[in-house]
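Quick notes on the structure that follows.
Residue numbers (the working numbering): 5 to 129.
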């Protein structure tokens with residue numbers, strides 16, 4: 005009997021990383037366009053950044069070392085790993101320049117690719 009295709013069990017970690025990144029990017033965009041004033045609670049953007057980094061690291065580590073099926077999980081994690089470079093560079097590039105949003109957006113394709121790959125059924129042989 006043919007085994008049923010299943011998505012990786014690390015998918016919730018990838019979803020959490022994508023949600024944290026999206027919330028952080030949305031808040032950053034709202035602040036940059038002056039739709040929201042966070043001068044009183046600037047820590048929210050920092051907390052979202054830390055959550056983004058933590059969930060991205062957890063998804064990558066979980067996908068590489070713990071999740072099943074191993075092939076699909078590793079593939080999703082390896083697609084996610086390059087997002088670590090722009091996320092690590094953001095604090096050192098300044099926050100009031102054009103580089104900050106560009107570097108932050110550089111992580112988006114990798115987060116999206118990891119998320120999509122983690123949600124796809126793994127029935128390849």
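Glycine included, C-beta positions come from ideal geometry on N, C-alpha and C.
DSSP places residue 74 in the uninterrupted alpha helix (DSSP H) bounded by 74 to 84. Within the region 30 to 71, the runs of alpha helix (DSSP H) that reach at least 4 residues and sit entirely inside it are, in chain order, 47 to 65. Distance check between residue 55 and each of 86, 27, 15 places 27 closest, using alpha-carbon atoms only. Comparing C-alpha distances from residue 82 to each of 22, 31, 119, 20 shows the shortest one belongs to 119. When the Cα atoms are used, residue 92 and residue 105 turn out to be separated by approximately 14 angstroms. When DSSP states are grouped into helix, strand and coil, residue 104 belongs to the helix group.
Sequence-distant Cβ neighbours of residue 121 in its own chain, meaning closer than 6 angstroms and more than five residues away, are 79, 80, 83.
In the DSSP assignment, residue 90 falls within the unbroken alpha helix (DSSP H) covering 88 to 93.
Taking the CA atoms as reference points, residue 74 sits about 8 angstroms from residue 67.
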